[in-house]
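Take a look at the structure set out below.
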Amino acid sequence: MKFDSPAATNPIDKLKVVGKPVHRVDGEIKTTGRATYAYEWHDLDVACAIGYPVGSAIAKGTISSMEVSAAQAAPGVLAVVTTLDVGGLKKPKRNTAHLFGGDKIQHYHQAVAVVIARTFEEARAAAALVKVHYRPEPGTFDLEKAKEAAVKPDESQEPDTATGDFNTAFAEAAVTLDQIYTTPDQSHCMMEPHASIASWNGDELTVRVSSQMIDWWRTDLATTLGMQKEKIRLISPFIGGGFGGKLFLRADTVLAAFAAKAVGMPVKVALPRPMIPNNTTHRPATIQRVRIGAERDGKITAIAHESWSGDLPGGGPETAVNQTRLLYAGANRMTAMRLATLDLPEGNAMRAPGEAPGMMALEIAMDEMAERLHLDPVEFRILNDTQVDPEKPERPFSRRNLIGCLMLGRDQFGWERRGKAGSRREGQKLIGLGMAAAFRNNLVMPSGARVQLGRDGGVTVQTDMTDIGTGSYTIIAQTAAEMMGVGIDRVTVELGDSRFPVSAGSGGQFGGNSSTSGVYAACVKLREAVASKLGFNSDDALFENGQVRFGNRSVPLSEAAGSDGLVGEDRMTWGDIVDTQQQSTFGAHFVEVDVDVFTGETRIRRMLAVCASGRILNPITARSQVIGAMTMGAGAALSEELAVDLRRGYFVNHDLAGYEVPVHADIPNQDVIFMEETDPRSSPMKAKGIAELGICGVAAAIANAVFNATGIRVRNYPVTLDKLVGGLPDAT
Numbered sequence: 074m075k076f077d078s079p080a081a082t083n084p085i086d087k088l089k090v091v092g093k094p095v096h097r098v099d100g101e102i103k104t105t106g107r108a109t110y111a112y113e114w115h116d117l118d119v120a121c122a123i124g125y126p127v128g129s130a131i132a133k134g135t136i137s138s139m140e141v142s143a144a145q146a147a148p149g150v151l152a153v154v155t156t157l158d159v160g161g162l163k164k165p166k167r168n169t170a171h172l173f174g175g176d177k178i179q180h181y182h183q184a185v186a187v188v189i190a191r192t193f194e195e196a197r198a199a200a201a202l203v204k205v206h207y208r209p210e211p212g213t214f215d216l217e218k219a220k221e222a223a224v225k226p227d228e229s230q231e232p233d234t235a236t237g238d239f240n241t242a243f244a245e246a247a248v249t250l251d252q253i254y255t256t257p258d259q260s261h262c263m264m265e266p267h268a269s270i271a272s273w274n275g276d277e278l279t280v281r282v283s284s285q286m287i288d289w290w291r292t293d294l295a296t297t298l299g300m301q302k303e304k305i306r307l308i309s310p311f312i313g314g315g316f317g318g319k320l321f322l323r324a325d326t327v328l329a330a331f332a333a334k335a336v337g338m339p340v341k342v343a344l345p346r347p348m349i350p351n352n353t354t355h356r357p358a359t360i361q362r363v364r365i366g367a368e369r370d371g372k373i374t375a376i377a378h379e380s381w382s383g384d385l386p387g388g389g390p391e392t393a394v395n396q397t398r399l400l401y402a403g404a405n406r407m408t409a410m411r412l413a414t415l416d417l418p419e420g421n422a423m424r425a426p427g428e429a430p431g432m433m434a435l436e437i438a439m440d441e442m443a444e445r446l447h448l449d450p451v452e453f454r455i456l457n458d459t460q461v462d463p464e465k466p467e468r469p470f471s472r473r474n475l476i477g478c479l480m481l482g483r484d485q486f487g488w489e490r491r492g493k494a495g496s497r498r499e500g501q502k503l504i505g506l507g508m509a510a511a512f513r514n515n516l517v518m519p520s521g522a523r524v525q526l527g528r529d530g531g532v533t534v535q536t537d538m539t540d541i542g543t544g545s546y547t548i549i550a551q552t553a554a555e556m557m558g559v560g561i562d563r564v565t566v567e568l569g570d571s572r573f574p575v576s577a578g579s580g581g582q583f584g585g586n587s588s589t590s591g592v593y594a595a596c597v598k599l600r601e602a603v604a605s606k607l608g609f610n611s612d613d614a615l616f617e618n619g620q621v622r623f624g625n626r627s628v629p630l631s632e633a634a635g636s637d638g639l640v641g642e643d644r645m646t647w648g649d650i651v652d653t654q655q656q657s658t659f660g661a662h663f664v665e666v667d668v669d670v671f672t673g674e675t676r677i678r679r680m681l682a683v684c685a686s687g688r689i690l691n692p693i694t695a696r697s698q699v700i701g702a703m704t705m706g707a708g709a710a711l712s713e714e715l716a717v718d719l720r721r722g723y724f725v726n727h728d729l730a731g732y733e734v735p736v737h738a739d740i741p742n743q744d745v746i747f748m749e750e751t752d753p754r755s756s757p758m759k760a761k762g763i764a765e766l767g768i769c770g771v772a773a774a775i776a777n778a779v780f781n782a783t784g785i786r787v788r789n790y791p792v793t794l795d796k797l798v799g800g801l802p803d804a805t
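The sequence shown maps to residues 74 to 805 in our numbering.
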């Protein structure tokens with residue numbers, strides 16, 4: 074099915090199941106420990122061996138030799154497979170660095186060997202006996218120093234943009250701002266580590282894995298191993314978080330495949346937690362320059378956003394200027410990104426890549442500009458709203474209710490209590506309110522599904538879509554139940570298997586809208602099959618309460634299915650409808666903090682997010698996504714930073730002890746409000762993504778609240794107490 078015109082009234086609009094606060098259909102098996110995560114398959118026909126990876130001890134250079142005899146002779150060891158053994162492997166297009174194979178070292182903790190033993194303890198102990206001899210080469214690890222050598226990325230992928238005459242308009246503006254903001258390298262820190270169980274049956278490979286994108290991994294694993302894609306099966310029904318860190322094929326899968334081949338039995342490989350930040354991907358650090366010029370009444374006349382980031386050769390930039398191209402009005406504008414070559418681990422997607430770090434800079438700049446204009450920050454943003462793409466004024470937004478989000482958030486949060494910076498104090502606590510707009514583009518991806526109607530009238534959905542904790546099982550079940558007119562308890566959802574139709578996968582907040590649209594398309598096919606068998610007109614047939622009705626005739630679905638059942642399979646694709654109007658999601662974040670006047674310690678008191686993101690398919694799972702994103706935003710604001718060892722080129726705090734993510738004690742009550750909205754141009758579901766909108770702007774809202782509490786403007790994240798202590802008022 075091709076979605077190429079705005080959605081008209083369709084069965085989803087009945088909203089008997091879709092849009093309802095349905096609890097997770099997979100909640101029970103997860104909370105009782107019966108869900109099979111990648112490392113936890115215990116029903117294999119034979120016992121699994123354990124593989125333990127060995128990572129490079131240098132950041133750049135060449136391996137001259139490896140000594141593995143001691144490891145091979147260690148107790149319980151079955152085999153050792155080294156990167157020299159397998160030689161050069163073809164690198165798939167989605168990986169910037171080689172995952173395994175050959176003698177070249179591109180980054181610290183690059184996989185160089187895997188030790189396979191009977192037990193985890195034996196494998197780990199033996200891995201420590203592997204000795205690697207290197208020829209190190211000097212590397213570049215400091216973005217600040219590499220900034221001057223940064224180059225313009227591939228024009229076809231990340232072009233600079235310019236509208237009007239920014240330089241002249243900025244020079245002539247009555248009020249201007251020109252500031253530099255920085256964001257650090259950040260780690261995904263998902264709960265479940267990267268893990269795989271590989272097993273061979275002749276020349277066919279099965280991998281139980283933790284992957285957000287089944288077909289991407291399968292394709293790239295085939296490229297890496299030099300085998301036919303059809304010979305590989307990937308299974309990933311449950312994933313313990315990803316945040317973009319499991320979008321692309323990772324080393325654990327490659328190591329497990331080679332290890333299983335070497336020992337002739339299934340092998341489990343999980344990346345140890347200290348290895349993950351350096352071996353996998355991370356959100357790259359940025360240096361961002363924001364310039365804004367405005368008339369004295371607050372109308373923006375000039376806006377520019379430039380960003381510098383780094384990656385390995387062949388990588389891409391952190392697209393931190395994305396939102397500035399679309400969020401606020403202004404006739405004269407420009408954006409630019411520059412990419413430096415760094416020999417750090419691969420920089421790539423982390424929840425809301427581009428907008429998350431970009432909003433961290435832009436929304437502080439907007440706050441600073443409002444201050445210079447003596448305008449309320451909410452009013453300043455409302456004043457500069459636009460209903461068209463400001464770079465392409467002929468192109469309107471399909472739906473845009475940023476003003477509604479700002480106004481509702483202002484009223485619900487009690488924004489009128491916000492005073493001047495440093496004016497509110499309770500004992501030794503300085504109190505501040507901050508806010509920021511939220512923005513994330515709406516993306517869609519082709520997505521397929523198979524829907525089966527059983528002879529008992531039950532419905533089974535199969536798609537290789539993944540559930541990374543987002544609620545995919547539940548919203549897919551709701552979609553099928555709505556389309557087929559059955560209760561959600563009559564729907565079984567099977568996900569995460571490459572034998573199922575290829576879906577959108579989970580990423581870019583496109584998963585929910587796209588995958589349910591694919592299920593919608595498959596259900597349309599199944600409805601047509603049911604109607605055809607019964608001699609009904611499928612357009613006029615009514616599916617409800619387990620029956621299909623046409624005129625005065627009503628037939629149970631079980632009878633329509635017959636003894637063999639019926640199947641509908643299809644794939645949703647999108648025409649140019651997604652390009653003729655700009656599709657984005659909007660919101661507003663409001664935060665209250667207190668800052669200890671003695672220590673500079675910042676605590677969040679309360680948070681509110683107001684979101685306009687199309688039809689909300691399930692308010693329970695959607696709220697869960699938003700509050701999780703708000704929590705990540707709190708970490709980005711106050712604590713998260715991968716510290717780079719500038720001599721050796723690695724992230725020093727590469728575990729959950731040194732890399733500080735928020736815990737329960739850091740997060741107060743969080744409120745989420747969803748604006749009533751549908752977007753018929755987005756999909757037949759009339760929904761949009763929500764999972765990443767919730768992080769965009771949160772960090773800036775917190776930083777702005779800290780300023781309102783203390784009068785100290787911090788432009789270099791995270792906002793740690795050492796950046797506040799020297800400027801706090803007299804503690805007495």
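Don't be surprised by glycine CBs; every beta carbon is placed ideally from N, CA and C.
All of these numbers come straight from a predicted model, not from anything done at the bench.
Range of the contiguous beta strand (DSSP E) that encloses residue i
i	result
Cys769	Neither: Cys769 is in no beta strand (DSSP E) and is coded neither H nor E.
Val651	Segment 650–653 is the alpha helix (DSSP H) holding Val651; no beta strand (DSSP E) there.
Arg362	359–367
Ile136	134–140
Ile349	Here Ile349 belongs to no beta strand (DSSP E); instead the alpha helix (DSSP H) covers 349–352.
Val95	Taken as a continuous stretch (DSSP letters only), Val95 belongs to no beta strand (DSSP E), as it is neither H nor E.
Gln525	520–526
Distance between beta carbons of residue j and residue i, contact taken as under 8 angstroms
i	j	result
Asp669	Lys796	The Cβ separation is near 14 angstroms, so there is no contact.
Met139	Val203	7 angstroms
Lys334	Trp273	6 angstroms
Ala186	Val153	6 angstroms
Thr353	Arg323	6 angstroms
Ile360	Ile437	Not confirmed; about 14 angstroms, so no contact.
Ala268	Ser283	5 angstroms
Asn457	Ala402	5 angstroms
Ala776	Ala710	6 angstroms
Gly673	Leu794	4 angstroms
Phe512	Phe724	Actually they do not touch by this definition, with Cβ atoms about 29 angstroms apart.
Ala413	Lys133	With 8 angstroms as the limit, Ala413 and Lys133 do not qualify as a contact, their Cβ atoms being about 15 angstroms apart.
Met286	Gly578	4 angstroms
Cβ-based burial, residue i [other Cβ within 10 Å; buried from 16]
i	result
Ile677	buried
Lys598	buried
Gln535	buried
Glu277	exposed
Val566	buried
Asp667	buried
Under the three-state DSSP convention, the category residue i falls into
i	result
Cys596	helix
Thr256	strand
Gly505	strand
Met758	coil
Glu733	coil
Met748	coil
Tyr790	coil
Met300	coil
Ala710	helix
Glu319	One detail in the question is off: residue 319 reads as Lys in this sequence, not Glu. Lys319 falls in the coil class under three-state DSSP.
Val575	coil
Val394	coil
Cross-strand partners of residue i (DSSP beta bridge)
i	result
Ser269	Val282, Val342
Asn514	Ser657
Ala122	Val340
Leu250	Ile365
His355	Gly420
His662	Ala509, Ala682
Proximity test, residue i beta-carbon vs the ligand GDP heavy atom, cut-off 7 angstroms
i	result
Ala604	By its list of ligands, the structure shown contains no ligand whatsoever, and the ligand GDP lies outside what it can speak to.
Cβ of residue i within 8 angstroms of any chain C Cβ
i	result
Ile504	Within the model displayed, chain C is absent; a lone protein chain is all it includes.
First and last residue of the uninterrupted alpha helix (DSSP H) at residue i
i	result
Pro209	No alpha helix (DSSP H) holds Pro209; the beta strand (DSSP E) holding it covers 204–209.
Ile455	450–456
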